[in-house]
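Q: Below is a structure I'd like to ask you about.
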Amino acid sequence: MKKNWWKILTVLLLVFTVAVGMLSEVPRLAILNETIRNLYFHVPMWFGMILILMVSVVYSIKYLRKPSFRNDIIAHEAAKVGILFGVLGIVTGMEWAKFTWGEYWSNDPKQNGAAIGLLIYFAYLVLRSSFAEQQQRARISAVYNIFAFAALIPLLFILPRLTDSLHPGNGGNPGFNAYDLDSSLRMVFYPAVLGWTLLGVWIINVKSRLELLRQRIYENV
Amino acid sequence: MRKITKVLFKEVIYLMQKDFLLEWRQKYAFNGMLLYVSSTVFVCYLSFGLRSNALQVPVWNALFWIILLFTSVNAIAKSFMQENRGRLLYFYSIVSPQGIILAKILYNACLMLVLALICFVFYAFVLGNPVEDIPMFLLSILLGAIGFATSLTMISGIASKAANSSTLMAVLSFPVIVPMLLMLIKMSKNAMDGLERAASLDELLTLLAINMIVVTVSYILFPYLWRS
């Protein structure tokens, strides 16, 4: 029980996010209107994706330093959860864009960057599936994972800032303080980021334990 | 430390010499790529069905970089696949992996530079040349050749370990290379429009930074790849 406090925290945070996010007062702005509530769902997906992909890279580095089956499994599962968050982020973003910008896809540099980022990680999955031998698969996909993450950083953090974007805070100095986030929004936004990220960590935790157990069963058969 | 650098430098020189020598003797890869470039350009010319100078500037630019992208993927994919197992094992026992990756990157950069220049000359000859600031355009070609060579060399090392390596090469390399390609297209577009050079400074610095990141990461990661 003592070790599981963060799971309870996750559930509480997410219940809080959904309940308060849907019910609370939000500032009324032109064009945005009620869709500003998507801030609690769309933006945390990207925060969560970056953090979880970072976990994946850290475990890939760990694997290269000290090859163990566990490190490989966690890197793989984290990459998959990162992809899940990325897909959800794109879907929620497209929905939001339809209401505010008028189109699902408006050739925005961040949208394109996100799509390419997802392609990189799909390629990671394809690469993994093309090896039969386990150790070789683990090592080479770890190498690609680190390499791809290094290529992803300029894509997501530098390029959108050099070009004009429909996203707030771009085409200049990014960041949240640039468009003054209302303090009542912050109250829900930060718990939402934490909650969704913890949910991702939870999924990784369960899935990698499952995978390790499955491996043990195969060994004993 | 200095001694190690010196040894590494020597290795890189020897390995590059070997690559150039092999290329000179066989002339297989280079001539093949040359034919590839020229037939692609010619196919574009025929399929657009136009006289020279009839292509709009953005289309001309995009087409040029796409041709160059496919050429480089095909040219660099060979860099690890052409080596047979025995020779790889021999290298493994005598030189350091860092030496190999640096030599391959430098060799590929030279190869790409020559190919890209030939491609530019031929392309401009066949489809017309709307470039206003040619030195700047050549600089973007130089950066492009180096950039493609750095990122694709590592990818080809990764892909060569897998079973269906030619498909994998394309799948792995395109997403990684896109940021570079976008910068290059923008920079060469500026050069084509004859904008003042300060306008491209941002792109230039970003490209250099991306190249630095990629080379550093390749340098660190290649030993792990090499071991298998």
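Protein chains in written order, with our numbering: chain A, 1 to 221; chain B, 1001 to 1228. Glycine is no exception: its CB is placed at the ideal position from the N, C-alpha and C atoms. Only a predicted model underlies this, so the values are computations on that prediction, with no experimental measurement involved.
Under 8 Å, do A1145(B) and L1113(B) count as touching if we go by C-beta distance?
A: Taking 8 Å as the Cβ cut-off, A1145(B) and L1113(B) qualify as a contacting pair.
Q: A132(A) to A1163(B), Cα distance in whole Å?
A: Those two C-alpha atoms are separated by around 9 Å.
Q: Could you tell me which chain B residues have their CB closer than 7 Å to the CB of I204(A), listed as they occur along the chain?
A: Going along chain B, no residue has its Cβ under 7 Å from I204(A), so there is no contact; the nearest lies around 23 Å.
Q: Alpha helix (DSSP H) containing T35(A): first to last residue?
A: It is not in any alpha helix (DSSP H) - T35(A) carries neither H nor E in the DSSP assignment.
Q: Is there contact here, the stretch 76-85 of chain A with the stretch 1146-1166 of chain B, by at least three beta-carbon pairs under 8 Å?
A: They do not touch, by the three-pair rule.
Q: For my contact list, G1157(B) and L1225(B) are in at a C-beta cut-off of 8 Å; report their separation, rounded to the angstrom.
A: About 5 Å; that satisfies the 8 Å criterion.
Q: Inspect the CB distances between the stretch 1093-1109 of chain B and the stretch 1039-1050 of chain B and report whether three or more fall short of 8 Å.
A: No, the stretch 1093-1109 of chain B does not touch the stretch 1039-1050 of chain B.
Q: Residues in the stretch 83-113 of chain A with C-beta within 9 Å of chain B's C-beta atoms, listed in sequence order?
A: Listed by position along the chain: P109, N112 and G113.
Q: Tell me which same chain residues have a C-beta within less than 6 Å of the C-beta of L1168(B), skipping the five on either side of it?
A: A1159 and A1162, listed in sequence order.
Q: Counting only beta-carbon atoms, is F131(A) nearer than 8 Å to chain B?
A: So yes, F131(A) belongs to the interface.
Q: Report buried or exposed for G93(A), applying the criterion of at least 16 other Cβ atoms within 10 angstroms of its Cβ.
A: G93(A) should be labelled buried.
Q: For the stretch 150-157 of chain A against the stretch 1208-1217 of chain B, do three or more pairs of beta-carbon atoms, one drawn from each stretch, fall closer than 8 Å, so that the two count as touching?
A: With the cut-off at 8 Å, the stretch 150-157 of chain A and the stretch 1208-1217 of chain B touch.
Q: Since Y1090(B) is in the alpha helix (DSSP H), which residue starts that stretch and which ends it?
A: Taken as a continuous stretch (DSSP letters only), the alpha helix (DSSP H) holding Y1090(B) covers R1085 to I1094.
Q: For L1207(B), which of R1197(B), L1143(B) and L1069(B) has the nearest alpha-carbon?
A: The option with the nearest alpha carbon to L1207(B) is L1143(B).
Q: What distance in whole Å lies between the Cβ atoms of W202(A) and K7(A), which are believed to be in contact at a cut-off of 8 Å?
A: Indeed they touch by this definition, with Cβ atoms about 6 Å apart.
Q: Cα separation between S141(A) and N205(A)?
A: Spanning the two alpha carbons is a distance of roughly 20 Å.
Q: How about the stretch 1097-1111 of chain B and the stretch 1172-1187 of chain B: do they share at least three Cβ pairs that are nearer than 8 Å?
A: No, they do not touch.
Q: What are the boundary residues of the alpha helix (DSSP H) that A1162(B) is part of?
A: Taken as a continuous stretch (DSSP letters only), A1162(B) belongs to no alpha helix (DSSP H), as it is neither H nor E.
Q: Since L119(A) meets chain B, which of its residues come closer than 7 Å, beta carbon to beta carbon?
A: By Cβ distance, chain B contributes P1175.
Q: Measure from the C-beta of K1161(B) to each C-beta in chain A and report whether the shortest distance is under 8 Å.
A: Answer yes: the Cβ-Cβ gap between K1161(B) and chain A drops below 8 Å somewhere.
Q: Let me make sure I understand the geometry here. Which of K98(A), A97(A), V126(A) and R70(A) has the alpha-carbon closest to that of K258(A)?
A: Since the displayed chain A opens at 1 and closes at 221, residue 258(A) lies outside it and no answer follows.
Q: Can you list, in chain order, the residues of its chain whose CB lies under 8 Å from that of A1109(B), leaving out five sequence neighbours each side?
A: Taken in chain order, the residues that qualify are A1145, I1146, A1149 and T1150.
Q: Using only the alpha-carbon positions, how far apart do M45(A) and G89(A) sit?
A: If I take the Cα positions, the gap works out to 5 Å.
Q: Output, in sequence order along the chain, the residues in the stretch 123-150 of chain A whose CB is closer than 7 Å to any CB in chain B.
A: Taking 7 Å as the Cβ-Cβ cut-off against chain B, the residues of the stretch 123-150 of chain A that qualify are A123, V126, L127, S130, F131, Q136, R139, I140, V143, Y144, I146, F147, A148 and A150.
Q: Along chain B, which residues have their Cβ under 7 Å away from the Cβ of I74(A)?
A: Chain B residues near I74(A): none, gap ~18 Å exceeds 7 Å.
Q: Using Cβ-Cβ distances below 7 Å, what residues of the stretch 1037-1068 of chain B are close to chain A?
A: Flagged: no residues at all.
Q: Using 8 Å as the threshold, is the C-beta distance between V57(A) and I146(A) below it?
A: Contact: yes.
Q: If we define contact as Cβ-Cβ less than 8 Å, is P154(A) a contact residue for chain B?
A: Yes, its Cβ sits closer than 8 Å to a Cβ of chain B.
Q: Measure the alpha-carbon distance for I1141(B) versus T35(A) and round it to whole angstroms.
A: One C-alpha to the other measures close to 45 Å.
Q: Apply the 10 Å Cβ neighbour rule to R1227(B) and answer buried if 16 or more other Cβ atoms are within range, or exposed otherwise.
A: With fewer than 16 other Cβ atoms within 10 Å, it is exposed.
Q: Buried or exposed for I1004(B), going by 16 or more other Cβ atoms inside 10 Å?
A: Under this definition I1004(B) is an exposed residue.
Q: For M54(A), which residues of its own chain have a beta-carbon under 7 Å away from its beta-carbon, when the five flanking residues on both sides are left out?
A: Hits under 7 Å: none found.
Q: Exposed or buried, P1135(B), counting other C-beta atoms within 10 Å across all chains shown (16 or more means buried)?
A: The residue is exposed, with fewer than 16 neighbouring Cβ atoms inside 10 Å.
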